[in-house]
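Residue numbers (the numbering used here): 921 to 1314.
Glycine included, every Cβ here is placed at the ideal spot set by N, Cα and C.
The structure appears right after this line, and notes come after that.
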Amino acid sequence: MEELPSIRLGDFYVSKAEFLFPEKVFARLKGKIDYLVYEHKTPLLVIDSLTVRKRYYELVKYFPDFKVHYAVKANDNSSVLELLANLGANFEVASISEVIKLVELGVSGSRMITSNPIKPLDFIEVCRQVGVNYLCVDSKDEIEKIKFAFPDAKVYIRLEIENKESSWPLSGKFGLNEEEVKDLIDYAVRKKVNLVGLTFHAGSQNNSPDSFVYALDVARRIFDFAREKYKLYMYLLNIGGGFPIEYTDRIKDIDQFRVKIYDKLREFNNRENLILQMEPGRRIIGEAGIMVSRVIGKAVRGGKNWLYIDVGVFNGMMEVIGGINYIFKTNSRRKAKVWNIGGPSCDSTDIVAKDVLLPEPEIGDFVYILSAGAYTSVYAAPFNGYRVPTTILI
921 MEELPSIRLG DFYVSKAEFL FPEKVFARLK GKIDYLVYEH KTPLLVIDSL
971 TVRKRYYELV KYFPDFKVHY AVKANDNSSV LELLANLGAN FEVASISEVI
1021 KLVELGVSGS RMITSNPIKP LDFIEVCRQV GVNYLCVDSK DEIEKIKFAF
1071 PDAKVYIRLE IENKESSWPL SGKFGLNEEE VKDLIDYAVR KKVNLVGLTF
1121 HAGSQNNSPD SFVYALDVAR RIFDFAREKY KLYMYLLNIG GGFPIEYTDR
1171 IKDIDQFRVK IYDKLREFNN RENLILQMEP GRRIIGEAGI MVSRVIGKAV
1221 RGGKNWLYID VGVFNGMMEV IGGINYIFKT NSRRKAKVWN IGGPSCDSTD
1271 IVAKDVLLPE PEIGDFVYIL SAGAYTSVYA APFNGYRVPT TILI
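Rendered as structure tokens:
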């Protein structure tokens, strides 16, 4: 396929040649990071604003028909949210706290949606008060709650799809299969709810464009069903998030996702009338983050080298439990060894990585963890009294 041309968006030219990978981001920022870390204690999460901008503009370029709703849950740092708001981003929120944080930054409710299909009543009421008009459901009870607390809401149903290609599957807890969605459409029509469309989520860190192809095929059939059986012309299609980033493995180019998604959208009967949304979180913020930790201990156990750092599973690196593998860097020029890396807590499950090849650091040296912008600090808790990361946007 012919290369998409570079275009000017804001203060940046966006082209595939400029896309930053985590090691390039680290090489560019390392001097600044080493300066900052002497002003702030570790663990320290440094967010690169240039990478955030580039990743956001990339999506605007490749998916011009979509409203980009940044998933606040990925990283809710106020400076990050303010940056994205100033770039023109919209937002996906999941709680009252996330709504309040955005409102305090001057973001109107009209720029927010919530795809959390199970919401407390007071959250639904806040959505009504603030003007967060698009609300997701996947159950009859949720329809009843919305009908009671926010009868004018624009409701969309969450479709469950297989997340086989995802590193962090999101199926099971939320969403309905195709037949269950049809049953809920019937219920919504009988209850006279303002049903406007569908959403799905291919699973976080999904490197397969075909996952989106499958989901869009199912969504199209449901749109046709609603139109043919109920004369219900749904017009909202939200493809969720899931676009991958680089950790330790290469990923497919975003253009491969674009081509397959747009090919499928052409098959929708009401394509020209569709409101299209996406909810990227990790894709925008993940590669922009570098977690700076400090070595607090070393040991040899059963012939294995162990390295202990001051950030672990409980205070910032929880996603390692789900199989996310990070790139680690040190300043050391000593001989490389294979390490297991443990966090600071007294819990034996607090293991950040195994079999990592690193030059041997000394106690007090820094260990840098790349692609750590998403789902790190937001998960962090001060278990055992250890600090959670300070976040700085540069």
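- Message: On the CB-based measure, 16 or more other CB atoms within 10 Å of its CB, does Glu-959 come out buried or exposed?
- Response: exposed
- Message: Just to check my reading of the structure: Asn-1036 and Ala-1073 have Cβ atoms closer than 8 Å, yes? What is that Cβ distance to the nearest angstrom?
- Response: Actually they are not in contact, since the Cβ atoms of Asn-1036 and Ala-1073 sit about 13 Å apart, beyond 8 Å.
- Query: Based on Cα-Cα distance, which residue from Leu-1278, Ile-1229, Ile-1314 lies nearest to Tyr-1306?
  - Reply: Ile-1229
- Nearest-angstrom Cα separation, counted from Gly-1029 out to Asn-1126: 29 Å
- Query: For Glu-1187, which of helix, strand or coil comes out of DSSP?
  - Reply: coil
- From Ala-1005 to Tyr-1134, what distance separates their C-alpha atoms? 32 Å
- Item | Bridge partners - Met-1032, DSSP secondary structure assignment | Phe-1011
- Item | Start-end ranges of the beta strand (DSSP E) lying completely within the segment 1216 to 1244, minimum 3 residues | 1224 to 1229
- Message: Judging by CA-CA distance, which residue of Thr-1168, Phe-1248, Leu-1003, Ser-1213 is the nearest neighbour of Val-992?
- Response: Leu-1003
- Terminal residues of the continuous alpha helix (DSSP H) containing Ala-1294? Per DSSP, Ala-1294 belongs to no alpha helix (DSSP H) and is neither H nor E.
- Message: In the DSSP assignment, the beta strand (DSSP E) including Gly-1117 goes from what residue to what residue?
- Response: 1115 to 1120
- In terms of residue numbering, what span does the beta strand (DSSP E) encompassing Val-966 cover? 964 to 967
- Cα-Cα separation between Arg-1191 and Leu-1185, rounded to whole angstroms: 7 Å
- Query: Buried or exposed: where does Ile-1063 fall if 16 or more other Cβ atoms within 10 Å of its Cβ makes it buried?
  - Reply: buried
- Please report how far the alpha carbon of Trp-1088 lies from the alpha carbon of Phe-1163, in whole angstroms. Here the model assigns Trp-1088 a pLDDT of 48, short of 50, so the residue's position is not dependable, and the following value carries that caveat. Rounded to the nearest angstrom, the two C-alpha atoms are 12 Å apart.
- Query: Given Leu-1315, which residues of its chain have a CB within under 6 Å of its CB, disregarding the five upstream and five downstream residues?
  - Reply: It is not possible to answer for residue 1315, since the shown part of the chain is limited to 921 through 1314.
- In whole angstroms, what separates the C-alpha of Lys-1102 from that of Arg-1141? 10 Å
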